[in-house]
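Position 308 of the sequence shown, counting from 1, maps to 307 under numbering that gives the first Met the number 0, and the rest follow consecutively.
Backbone N, C-alpha and C define an ideal beta-carbon position, used for all residues, glycine too.
Predicted, not measured: the structure shown is a model, and the values here were computed from it.
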Amino acid sequence: MKKIFAPVFAFVLLLAGCASDYEVLQSYDSVILTADSSNKLAGQTITFTVKDNNGTDHTADAHFFVDGEEISTNTLTSDKLQSYEVKATYGSLDSEPLTVTFGDGSELNYRKRLLIEDYTGTWCGYCTRVAWAIELVRAQSDNVVPVAIHRPSSNPTSANYDPYNYDASVLENTLSAVGYPKGYLNRRTRWSNPEPNNVAQAIALTQGENPKLGLALNPVVKDGNITIDVSAQFSRDFTGLKLVVYVLENGLIYEQHNYTDFYNGVDVIEDWQHNHVLRACLTDIMGDAISSDQTAIYKTFTRSFNTAIPANVANSANLEFVAFIVGENGRVINVRSAHAGDTQEFEILQ
């Protein structure tokens with residue numbers, strides 16, 4: 000049997016008068032250049048791969064060009080702190096250019112986001128004060144990730160009964176404040192009361208020096224299960240880090256007591272929509288340790304979770320996922336949220 004290779008850009012096959020059998024191979028119309036990493040330390044090696052749009056690997060037969068000059072292999076090493084434009088060709092097709100950078104890590108920064116953990120309750124008439132403050136903060140910044148931790152009783156006969164109660168006592172016992180409401184910024188900074196008068200305190204934590212680690216989440220909810228990959232990338236060496244992953248639910252309808260002047264001063268507020276409600280923690284609530292050999296400069300750490308949708312979830316379509324990394328001091332370094340079906344990349348600041 001003869002095989003005739005058929006790229007779509009120049010395909011002409013004449014079969015007249017030919018008695019032999021022919022197999023037409025799958026065609027392609029583009030080649031794609033990728034690198035094992037777009038950023039590496041000076042002196043390290045970046046390796047390139049070329050595939051067509053069908054996924055067939057053509058690296059061995061491709062030609063590679065760095066800043067317009069052809070190189071003899073599919074690898075690049077540089078002791079200089081600089082970026083290079085890399086292209087590849089295979090046959091008559093050119094890849095899109097790819098920029099790679101050799102650096103010392105200081106050039107990479109990630110978008111900074113703020114975690115607000117709101118300790119609240121449907122029974123708590125003053126808790127609407129923090130909810131109002133969160134709305135004010137989110138009106139000024141997209142870099143805010145709220146989590147509503149409902150407390151403290153699952154007993155329907157209790158005066159403090161909350162149908163969404165989540166036992167966060169292990170975490171709460173590490174905090175200085177008692178009672179409710181209370182808001183904590185990046186887990187360890189108490190949001191000053193009254194919170195609506197201290198929006199600037201929260202906004203300030205979205206400003207200033209950007210973190211040296213970024214997060215990306217890729218959650219899937221299907222057939223009663225949750226699968227989620229949580230990845231972190233580092234642009235300096237870290238030690239003593241911990242990962243926390245929350246499962247939240249939005250759109251929960253239940254009454255809310257309100258002893259404040261906010262929300263028209265109505266008590267009780269019927270059919271209040273409770274959002275960002277903590278339903279489960281896929282790690283220890285204080286965080287699961289990440290090995291220090293996974294948190295070095297230019298490393299990427301990924302942890303995958305596969306679990307059934309928690310039984311307390313009312314509507315899986317309203318699930319939200321939050322992942323954050325805390326440092327040795329217990330403070331959040333960075334945080335990110337996602338919904339089912341999101342395919343996130345690291346938020347590298349240019």
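For Y258, the secondary structure class from DSSP, reduced to helix, strand or coil, is coil. Considering only S157, Q139 and N172, the residue with the shortest C-alpha distance to A203 is Q139. The DSSP-derived three-state label of D28 is coil. Here T127 is buried, its C-beta having at least 16 other C-beta atoms within 10 Å. Look at the segment 194-251 and you find these whole runs of beta strand (DSSP E), each 3 residues long or longer: 212-221, 224-233 and 241-248. According to DSSP, residue pairing for S303 in a beta bridge involves D228.
The secondary-structure analysis by DSSP pairs A279 across a beta bridge with V246.
T76 sits in a strand when the DSSP states are folded into three classes. Counting only runs that start and end inside the segment 90-129, the beta strand (DSSP E) elements of at least 3 residues fall at 97-102 and 113-119. With a cutoff of 9 angstroms on beta-carbon distance, Y125 and N311 are scored as not near each other. P155 is classed as exposed because its beta carbon has fewer than 16 other beta carbons within 10 Å across all chains shown.
Distance from V246 to A279 at the Cβ level is roughly 4 angstroms; contact confirmed, criterion being Cβ atoms closer than 8 angstroms. C-alpha of P195 to C-alpha of Q43: approximately 50 angstroms in a straight line.
Remark: C-beta atoms of L240 and I324 approach each other more closely than 9 angstroms.
The alpha-carbon separation between T121 and D28 amounts to approximately 58 angstroms.
About 13 angstroms separates the beta carbon of W190 from that of Y179, a gap too long to meet the 8 angstroms contact definition. By the Cβ test, the segment 274-293 is not in contact with the segment 252-259, since fewer than three Cβ pairs between them sit closer than 8 angstroms. Taking one beta carbon from each stretch, the segment 315-324 and the segment 212-232 have 3 or more pairs nearer than 8 angstroms; the two touch. The continuous stretches of alpha helix (DSSP H) do not include S336, which lies in the beta strand (DSSP E) extending over residues V331 to H338. Rounded to the nearest angstrom, the gap between the Cα atoms of V331 and F237 is 13 angstroms.
Counting along the chain, E69 sits inside the beta strand (DSSP E) bounded by residues E68 to I70.
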